[in-house]
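Here is the structure we will look at.
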Amino acid sequence: MRAVMSFAAAVKKRLSGELPSYLAIFAFATGAAWLCVLDIVLKQPVAIDFKSFYAAAVAARRGLDVYDVEALEAIATELRLPHDPTFPYLYPPFFAHTFSWLARLRPSIAQQTWSSIAVVSYGLAATFTVFAVRRASPDPLGAARRTAVPTVLIALIAFLTWALNLRNSLAMGQVNPLVLAFLCAALALSVARKDVPAGLALSVAAGIKVTPILLAIPWVIERRFRALAGLAAGFAALVLVSLPFGAGPAWLEFLRRLPRMSHGAKIPGLFDPGTVPNFSIAGFYARLFDGDAAAVKLASAITLLLLLGAALALAGRSPSPPRSLRLLLPLLVTMVVASPFTYVHHVLYLFPAALYALDRAAAQERRLEMGALVVLLSLATIDFPYVYDRFKGRLPELALSVNLYVLLAIYAFGMFLLWRERREAPTARESAVPSSDREMASGLATARR
């Protein structure tokens, strides 16, 4: 108990000067998110994706199979939920069962509650990211900058709220803002070298949506075993927490169905994996190989391993905090396209890496770099298949994978930034050595000669 109290006192002392600036960031980001969702909450009773979450929560409370799309459709019909069809529930059981309390609320109230959770989650994600950016960014002003309200970062958050199309996630009732909050919390804790809490935070993100587990791979390479222990403990806790809600059979069903929800698989109640709006790597290969599931699986696995391996190799075995955040851009792009189904609202996961890259470009006055990233991020969230369909454009399906091509361009751009960070690191360390030390070393070398 004494250790906990001393830790809390240390945290309070450390943040006392910085707290107003973080509160300003949270308030601004939350306000920006509210502006995105306010008219949606007023006009839309139940969002199309939240409808599936809500039906799964009702199924969990009734002891039904949350992965049975026919059961979800029957619940949606019984409750007269809008939108057709009812999409299947594809996440681990933890989410449906621990959020089953939403089923006690009327659908419209549950939707408003969920939108509020998403808005607060985005505010927390922005705050955690700014903390990580400040800890990783070399700054001659030091504490003076940390205690000031960061106007540049606030402006960049405002831009990314629009560019990464937060409104799309909120309008569809998606889980992305909540996952992003835990992902950014893991990032902030990892940069602060709080390994066990970082692992716990990442376990929640991966326990809701599986693909964030990719962010733990750098911990394996860096041998950060405490973070990995926190991740394992977090997963165990998620299972244990969900068991009192009746999730035991659901976990077994999830593991049984997992191979049938992988790359190239056709999932009952969901679009064909080769449908044009799906711009994941698997979606691209499903169009290229005309739905050959075995070829799609193999090609997807090889491509993702190449993307992941190249980024990790360039980052090195023991990257500094700045290089770790540079690694985040290609790593998050890989995470986004690694899912069997990737849509426009998933690009939101690039938020922490994009904020760091834009902040560094602004601080170093690299205007061309900043402009290129702004253009790429803005293009990544345009729903190109919808645009072409709206204007009746007749183009081959592979030509409509524009979002994927833009994301791969962002990956390449992130790799360039990572390469430059690694190349400039020795120069930065040399410049950090005091001039008196360099003169002494030079004098000793002369004396030896």
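Using my numbering, the first residue of the sequence shown is number 2, and each one after it goes up by one. Yeah, the Cβ is synthetic: ideal placement off N, Cα and C, and Gly gets one too.
Using a Cβ-Cβ cutoff of less than 6 Å, which residues in the same chain neighbour residue i once the five nearest sequence positions on both sides are dropped?
i	result
Asp-50	Met-173, Gly-174, Gln-175
Ala-207	Pro-213, Ile-214
Val-131	Ile-26, Leu-154
Phe-236	Ser-204
Phe-280	Thr-343, Ser-402, Asn-404, Leu-405
Leu-142	Any answer about Leu-142 is weak, because its pLDDT of 47 lies below 50 and its placement is not dependable; what the coordinates show is given next. Excluding positions up to five away in sequence, the list is empty.
Ala-354	Leu-329, Leu-330, Leu-333
Ala-300	Tyr-286
Ala-61	Val-67, Ala-97, His-98, Ser-101
Take residue i as the anchor and find which of the options has the nearest alpha-carbon.
i	options	result
Gly-310	Ala-48, Pro-219, Ala-56, Ala-182	Pro-219
Lys-44	Thr-31, Ile-110, Pro-269	Ile-110
Ala-381	His-347, Leu-39, His-264	His-347
Arg-105	Tyr-68, Leu-73, Ile-118, Tyr-55	Tyr-55
Pro-86	Phe-95, Ala-97, Glu-71, Pro-94	Glu-71
Asn-169	Arg-194, Ala-182, Val-120, Ala-186	Val-120
His-264	Tyr-286, Ala-77, Ala-58	Tyr-286
Ala-294	Pro-341, Leu-91, Leu-307	Pro-341
Lys-267	Glu-254, Asp-291, Leu-256	Asp-291
Leu-359	Tyr-23, Leu-418, Leu-306	Leu-418
Tyr-452	Asp-69, Thr-152, Leu-73	With the chain represented from 2 up to 450, any question about residue 452 goes unanswered, as that position is not in the structure.
Ser-53	Leu-36, Ala-61, Cys-37, Leu-73	Leu-73
Leu-356	Leu-179, Phe-160, Leu-103, Val-221	Phe-160
Arg-257	Asp-69, Leu-307, Arg-63	Asp-69
Asn-177	Glu-366, Glu-79, Val-345	Val-345
Give me the Cβ distance between residue i and residue j, rounded to the nearest whole Å; I'm assuming they're in contact under 8 Å.
i	j	result
Leu-349	Leu-165	5 Å
Ala-48	Gln-113	11 Å between Cβ atoms; not a contact.
Glu-422	Arg-327	5 Å
Pro-274	Ala-283	6 Å
Ala-97	Val-67	5 Å
Ala-248	Pro-94	4 Å
Ile-411	Val-334	6 Å
Ala-228	Val-192	Rounded, the Cβ-Cβ distance is 12 Å, inconsistent with contact.
Arg-288	Glu-398	5 Å
Leu-181	Ala-34	That pair is no contact at about 11 Å.
Leu-171	Ser-116	6 Å
Ile-76	Val-59	5 Å
Leu-65	Met-262	Between Met-262 and Leu-65 the Cβ distance is about 19 Å, and since that is not below 8 Å, they are no contact.
Phe-183	Ala-202	5 Å
Ile-222	Arg-318	6 Å
Ile-209	Leu-179	7 Å
Considering just the uninterrupted stretch of the alpha helix (DSSP H) at residue i, what are its terminal residues?
i	result
Asn-166	Run containing Asn-166: none; DSSP gives neither H nor E here.
Ile-49	49-63
Ile-41	20-44
Lys-210	That residue, Lys-210, is in no alpha helix (DSSP H); it is neither H nor E in DSSP.
His-98	94-99
Thr-128	108-137
Ile-303	294-316
Phe-246	Careful: Phe-246 lies outside any alpha helix (DSSP H) and carries neither H nor E.
Phe-352	352-364
Tyr-286	282-289
Thr-78	70-80
Phe-342	First-last for Phe-342: undefined, no H or E at that position.
Asn-1	Nothing can be reported for residue 1, as the shown portion of the chain is limited to 2 through 450.
Ala-266	First-last for Ala-266: undefined, no H or E at that position.
Arg-368	368-381
Glu-398	Looking at the DSSP string, Glu-398 is not in any alpha helix (DSSP H), and its letter there is neither H nor E.
Trp-220	218-223
Less than 8 Å between C-beta atoms, sequence neighbours within five positions excluded: which residues of the same chain meet that for residue i?
i	result
Ala-30	Tyr-123, Gly-124, Ala-126, Ala-127, Thr-128, Ile-158, Thr-162
Met-336	Thr-212, Pro-213, Leu-215, Leu-216, Tyr-350
Met-416	Ala-311, Ala-312, Leu-315, Pro-331
Phe-414	Leu-330, Ala-373, Leu-374, Leu-377
Pro-46	Pro-83, Pro-108, Ser-109, Gln-112
Thr-276	Gly-284
Pro-386	Val-277, Pro-278, Leu-401
Ala-145	Per-residue confidence for Ala-145 stands at a pLDDT of 48, beneath the threshold of 50, marking its modelled position as unreliable; the derived number appears in the next sentence. Counting only Cβ-Cβ distances below 8 Å, and skipping sequence neighbours, we find nothing.
Within a Cβ cutoff of 7 Å, which residues of the same chain sit near residue i, ignoring the five residues on either side of it in sequence?
i	result
Thr-99	Val-242, Ser-243, Phe-246
Val-240	Trp-252
Ala-230	Val-197, Gly-200
Glu-370	Ala-362
Ile-383	none
Ala-28	none
Val-407	Leu-377, Leu-380, Ala-381
Leu-190	Pro-198, Ala-199, Ala-202
Taking Cβ positions only, does residue i come closer than 8 Å to chain C?
i	result
Trp-163	Annotation note: the requested chain C is absent from the structure, which comprises a single protein chain.
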